[in-house]
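Below: the structure, in structure tokens.
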Ligand code: ADP
Ligand code: SF4
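Numbering (our numbering), first residue to last: 359 to 1055.
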């Protein structure tokens, strides 16, 4: 099928300096948790995006020098010529499918503490750390240091050219890059020609641009990633002062402007806080000033919104990080007139969490993300079926839906049976909660894909018993029956039940889902630490209840530090009038309230309330599985040759783990035996056969 002419504008070639991008769909630099130690995984992950039609595919931040070592964050680097080979693998993998390869050359200044290299962090002034909360300071650079820094940068630019990059970035973005730290009045307190006025604070940015242009000539384009708004109000970089000034001073100097927001938590805004296109006010500034192409992001997944951004003169390129992770084939799908096949990002930031927990990328919507090289998974392709077996999948939550979709794509005949009247499992409920509407896309994408498959039938409103399963006539039975929230309080901090949790005024999230009436004042006890505690508190507060959110940890929703939601969540909860109580465990429930115990002293205090909602942990809903597995003779008699539990019904986790579990089963059914190590390993290239210390006197 051909694309609708309405989208033609997205497929116009655009010049970037001496290079030409084949369309306007541009994967901006973003981290993926592979870094220099997992180069094959990195190259394969990016190469798939090029195959999916992105015109430009960039690296994550790539360190230029050992004085910028982001340990423990996994990043790439170009410290010496030995690093070129690895990056050349990246450019070859990306260019093979027709995309331009871009590299974000970065120095994190005194934003990071160089935990591996132990080099003293450098910066415009003696600042404390931005990222690593380490008790060391950055050193103020003198003029010689600045000259050296410029030389390192030029060396890295030259290495980037020899690695084959088409677009080479100067990174003056977010608030942890050297030029941004020079630019910001928050971090630059110098009195020489690099401090004081905006012109002085912007001097290094201009010098780096000029140095890079001179070093690359016509071999590559030079781009700048720039933050016109640091997110700290008048104390930091603002659009009105530094943002506008830098754009005006250097308007025509780079070949491309890549605009981003200050704090990463604003730049990668979660859907709980920001809707598609949320960066428009800041993106639109650059186009008014420069005639060079401008790229910017905004979690764009709608082709119509993309067209509107171009037609209204907001952007020249549709920048994408998360939408390109959730669907590496988004451009190809628009081009081929298959908009309804786009797997839309849900804005959950599980991908961001991968970087923050220092692990290779994973994605809620795209289970193949991060598995391209080590497991050989392609986001759009899958082997055809390996047998004529009929498959029964019980439970249409994220795990069951993804399993049905992927097995359906393989060509199996499938019945997906759901007890509820609607499909979606936990997502059907959670997407109705405050801020989580986009999470419904996990269900909607799969429902749309399955609707096109003649070999997959969905039956709702049918709770299957063990006998029903045995009599169904399927050779393969997959149980995706999910999990149930615990009422007894066992969780992260309490490994055994809490006294009083059997009371009639104590509720679980399953009770909330079933529409039980909860009388305020309410205590929500969160010992789960991801999103649900806070989200339920929001819901109950919005319904007019007095709500106290209690957690034994030192902050509420601690795990959402990884998804970068917490810094934005806390102000929202406080604004709503939700009382936050931290460092307090739930000792017991009784009478007219709860006893809360200080986690350090054990001292208890009474807190009056009428109801308590427990958000602590979940148990697998595995009764059906246990009933079936206990009698192998019955299974054999029924002709069931494979019985498998997937998703939350084995061990409750995130929506991402459930989707991945369903996908993995679908990949592996009727496939070769899986080895003890179920994927390819990246190995360190040993330099010496025998290791002796490299000592010198
Ligand atoms: P996961 O995240 O693993 O997909 P969910 O809890 O979201 O798990 O979904 C599990 C789904 O399984 C729920 O929609 C639930 O109604 C359904 N389910 C549980 N037991 C049965 C059963 N015996 N028959 C049919 N559906 C079931
Ligand atoms: Fe989008 Fe979530 Fe996937 Fe990240 S993990 S790309 S936010 S769906």
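Every residue, glycine too, gets a C-beta built ideally from N, C-alpha and C.
Within 7 Å, strictly: CB atoms of residue i and residue j
i, j, result
"residue 704", "residue 688", "no"
"residue 880", "residue 907", "no"
"residue 494", "residue 467", "no"
"residue 462", "residue 527", "yes"
"residue 367", "residue 653", "no"
"residue 807", "residue 763", "yes"
"residue 1074", "residue 873", "The structure shown does not extend to residue 1074, since the chain is modelled only from 359 to 1055, so the question has no answer here."
"residue 610", "residue 542", "no"
"residue 475", "residue 459", "no"
"residue 686", "residue 502", "no"
"residue 922", "residue 702", "no"
"residue 725", "residue 388", "no"
"residue 711", "residue 920", "yes"
"residue 585", "residue 620", "yes"
"residue 832", "residue 774", "no"
"residue 677", "residue 386", "yes"
"residue 739", "residue 359", "no"
"residue 657", "residue 616", "no"
Residues near residue i by beta carbon distance below 7 Å, same chain, minus five either side
i, result
"residue 338", "Because the chain spans 359 through 1055 in this model, residue 338 falls outside it and cannot be assessed."
"residue 854", "848"
"residue 521", "442, 445, 446, 449"
"residue 457", "408, 412, 413, 414, 415"
"residue 684", "701, 702, 703, 721, 723, 724"
Paired residues, beta bridge with residue i - DSSP
i, result
"residue 841", "978"
"residue 497", "480"
"residue 385", "415, 678"
"residue 962", "955"
"residue 736", "Note: residue 736 sits in no beta bridge, so no partner."
"residue 1041", "Answer by DSSP bridge pairing: none, since residue 1041 is not bridged."
"residue 937", "906"
"residue 883", "908, 972"
"residue 460", "416, 525"
"residue 584", "530, 617"
"residue 1002", "836"
"residue 434", "420"
"residue 378", "373"
"residue 1051", "Bridge partners of residue 1051: none, in fact."
"residue 942", "956"
"residue 947", "952"
"residue 579", "525"
"residue 750", "773, 835"
"residue 408", "Bridge partners of residue 408: none, in fact."
"residue 486", "495"
"residue 654", "617, 676"
Any C-beta of chain D under 7 Å from that of residue i
i, result
"residue 360", "Absent from the structure is chain D; it holds one protein chain and no more."
Own chain residues within Cβ distance below 8 Å of residue i, not counting five before or after
i, result
"residue 565", "508"
"residue 674", "372, 382, 645, 651, 652, 653, 668"
"residue 578", "375, 376, 377, 518, 519, 523, 524, 525, 526"
"residue 569", "508, 511, 512, 515"
"residue 607", "557, 560, 564"
"residue 1071", "Here the chain covers residues 359 to 1055 and nothing more, so residue 1071 does not appear."
"residue 785", "755, 756, 797, 798, 800, 801, 1013"
Beta-carbon contacts of residue i that lie in its chain and below 6 Å, excluding the five residues immediately before and after
i, result
"residue 1040", "396, 398"
"residue 779", "818, 819"
"residue 924", "915, 918"
"residue 955", "943, 945, 962"
"residue 661", "365, 692, 697"
"residue 469", "488, 489, 534"
"residue 498", "483, 484"
Query - Sufficient close CB pairs (3 or more, under 8 Å) joining the segment 1002-1019 to the segment 839-858 - result: yes
Requested in this report: Quick one: which unbroken alpha helix (DSSP H) runs of 4-plus residues sit fully inside the segment 804-878? Chain order, please.
Outcome: 824-828, 867-871
Requested in this report: Could you tell me whether the segment 482-502 touches the segment 433-443, where touching means 3 or more Cβ pairs closer than 8 Å?
Outcome: no
**Report entry** Touch test, the segment 412-421 against the segment 387-400, Cβ-Cβ under 8 Å, three pairs minimum
**Finding:** yes
Query raised in the report: Would the segment 785-804 and the segment 624-638 be scored as touching if the rule is three or more Cβ pairs under 8 Å?
Result: Cβ pair count under 8 Å is three or more, so yes.
Query - Entirely enclosed alpha helix (DSSP H) segments - the segment 497-530, minimum 4 residues - result: 501-520
Requested in this report: Could you say if the segment 712-724 and the segment 424-440 meet the contact criterion of at least three C-beta pairs nearer than 8 Å?
Outcome: yes
Report task. Could you name each continuous alpha helix (DSSP H) segment of 4 residues or more that falls completely within the segment 590-649, going from the start of the chain to the end? Result -> For the segment 590-649, the full-length alpha helix (DSSP H) segments reaching 4 residues or more read 602-607, 622-625, 638-647 along the chain.
Query raised in the report: Between the segment 981-997 and the segment 938-956, do three or more beta carbon pairs fall short of 8 Å?
Result: No contact exists between the segment 981-997 and the segment 938-956.
Query raised in the report: Hey, is the segment 751-762 in contact with the segment 1015-1022, meaning 3+ C-beta pairs nearer than 8 Å?
Result: yes
Query raised in the report: If you pair each beta-carbon of the segment 863-872 with each one of the segment 966-982, do three or more pairs fall below 8 Å?
Result: yes
Requested in this report: Counting only runs of 3+ residues fully inside the segment 768-797, write out the beta strand (DSSP E) ranges in chain order.
Outcome: 771-775
Query raised in the report: What are the complete alpha helix (DSSP H) segments, minimum 4 residues, inside the segment 531-575?
Result: 536-541, 556-559, 561-574
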